[in-house]
Amino acid sequence: MNKEFDIPPITERDLENIDFAIKHDFDYIGLSYVRRRKDIELLRDILRRKDADLGIIAKIETKSAVRNVKSIAESADVVLVARGDLGMNFGLEEIPHLQRLIVRSALESGKPVIVATQLLESLIEKPVPTRAEVVDVTVAVSEGVDALMLTGETAVGKYPLEAIRWLKRIVTAAEEKVEIYTNRRVLSLKARYAKGVAELAEDLNAKLIIYSIRGVTARLISLLRPSVPFFVGSPSNKQLRKLNILWGIKPLHVPANSYEEGLEKTYETLRIKGAVEVGDLVVLTYGLRSDEQVIKIRKVTS
């Protein structure tokens with residue numbers, strides 16, 4: 087406990103796992119025991135040389151990682167609060183504060199964040215969570231996390247399906263009733279555009295429909311935690327899988343030959359599914375690589 091071992095950030099076994107992930111078209115790869123930004127950059131360089139489209143999840147679980155969490159978050163694609171190993175390196179009373187610090191650092195860096203380990207630990211043996219576990223999950227939701235990850239509950243627990251159902255039930259109730267932390271500090275032109283679109287949809291109480299190929303606009307809007315439903319159409323199943331981890335996004339696979347065609351096909355798909363109904367206001371948007379942005383406001387009439 088409280089000791090970090092000076093081992094290489096990427097081992098031979100890790101390289102084998104990377105090749106396995108590439109071969110089987112994984113979307114993300116997690117890097118354990120991250121200590122500094124350079125560890126992420128080393129993995130990024132390996133993936134680049136292998137021409138691999140894999141996102142990097144940085145697991146924050148060591149004292150060095152906590153000290154360097156801001157620079158790690160800036161370099162990684164996703165940040166994971168690994169509460170199990172944090173509990174081995176810090177006093178248990180520090181974990182809630184560390185969780186908040188890591189979550190805020192990720193969101194302020196514009197990166198999605200996952201909280202994992204011992205969310206509903208009692209469901210390993212019992213079919214109902216404790217009151218403390220319900221509060222713990224609700225607090226994580228209020229902090230603005232993108233995702234919650236069960237571990238032992240589904241890996242070795244007696245009630246894996248009940249654990250998933252309970253987690254969904256608690257999260258749904260929390261999202262309806264608690265105030266969720268939102269970081270609306272923006273820097274880039276694209277981020278300012280995303281903020282404008284999100285606030286326009288909120289002011290109009292309109293549903294938001296995005297067509298995205300690379301997922302950039304969708305990620306930026308998700309970071310703002312808009313209070314209205316928003317849907318993302320894309321021709322890329324891989325991008326949609328990557329986006330599925332982000333807060334609030336409802337993804338749809340919509341092949342198209344252009345952004346304009348894709349946006350209209352996404353709208354029509356939602357009409358057919360009943361997600362967009364007569365009388366609804368919708369804000370439709372897409373952004374081109376040239377920094378040209380298209381925004382449409384439409385009232386559904388028939």
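Its first residue numbered 87, the sequence shown is counted upward by one per residue in the numbering used here. Glycine is no exception: its CB is placed at the ideal position from the N, C-alpha and C atoms. The structure displayed is predicted, hence computed values, not measured ones.
Residue i, buried or exposed, once every other Cβ within 10 Å from all chains shown has been counted against 16
i	result
S191	buried
A284	buried
N330	exposed
E147	buried
G177	exposed
R121	buried
K197	buried
L374	exposed
A168	buried
N291	exposed
Residue i - DSSP class collapsed to helix/strand/coil
i	result
Q204	coil
R384	strand
S320	strand
T224	helix
T268	coil
V152	helix
V257	helix
L133	helix
L117	strand
K124	helix
K293	strand
V164	strand
Minimum C-alpha distance to residue i - residue among the options
i	options	result
D131	I381, L294 and L101	L101
S195	V120, T268, G282 and S150	T268
V364	G373, G170 and E354	E354
K244	I210, I200, R305 and A138	I210
E207	V231, M235, L184 and L193	M235
R327	T371, S274 and A304	A304
P95	T371, R134 and A151	A151
V201	S344, A144, D137 and R153	A144
L133	K156, L286, E288 and N103	N103
I266	L193, K254 and L117	L193
L338	G301, T203 and L309	G301
D139	S157, V165, A159 and I115	I115
E248	E350, A280 and K212	K212
Close beta carbons around residue i, own chain, < 7 angstroms, minus the five adjacent residues each side
i	result
S161	R123, I126 and E127
K385	L367
V264	T224, V227 and S228
P321	I299, V340, P341, A342 and G348
T216	S208
D232	P198, V199, I200, I331, L332 and W333
Own chain residues within Cβ distance below 6 angstroms of residue i, not counting five before or after
i	result
V223	L205 and I256
P315	K293
R419	Absent from the structure is residue 419, since the part of the chain shown begins at 87 and ends at 388.
L345	The sequence as given places Tyr at residue 345; Leu does not occur at that position. So the list reads Y297 and Y372, once near-sequence residues are dropped.
The beta strand (DSSP E) enclosing residue i, as first and last residue numbers
i	result
K336	I335 to H339
K197	Premise fails: K197 is in no beta strand (DSSP E) and is neither H nor E.
I104	Here I104 belongs to no beta strand (DSSP E); instead the alpha helix (DSSP H) covers E98 to K109.
I142	G141 to I146
A233	A233 to M235
G373	L367 to G373
is_contact[residue i, chain B] using C-beta, thresh 8 angstroms
i	result
L338	Absent from the structure is chain B; it holds one protein chain and no more.
Limits of the unbroken alpha helix (DSSP H) element including residue i
i	result
L172	R169 to N175
I299	Here I299 belongs to no alpha helix (DSSP H), and DSSP marks it neither H nor E.
V283	L275 to L290
Y353	Y345 to K359
T240	G238 to A241
Own chain residues within Cβ distance below 8 angstroms of residue i, not counting five before or after
i	result
H110	none
E261	V227
G282	none
I250	L236 and T240
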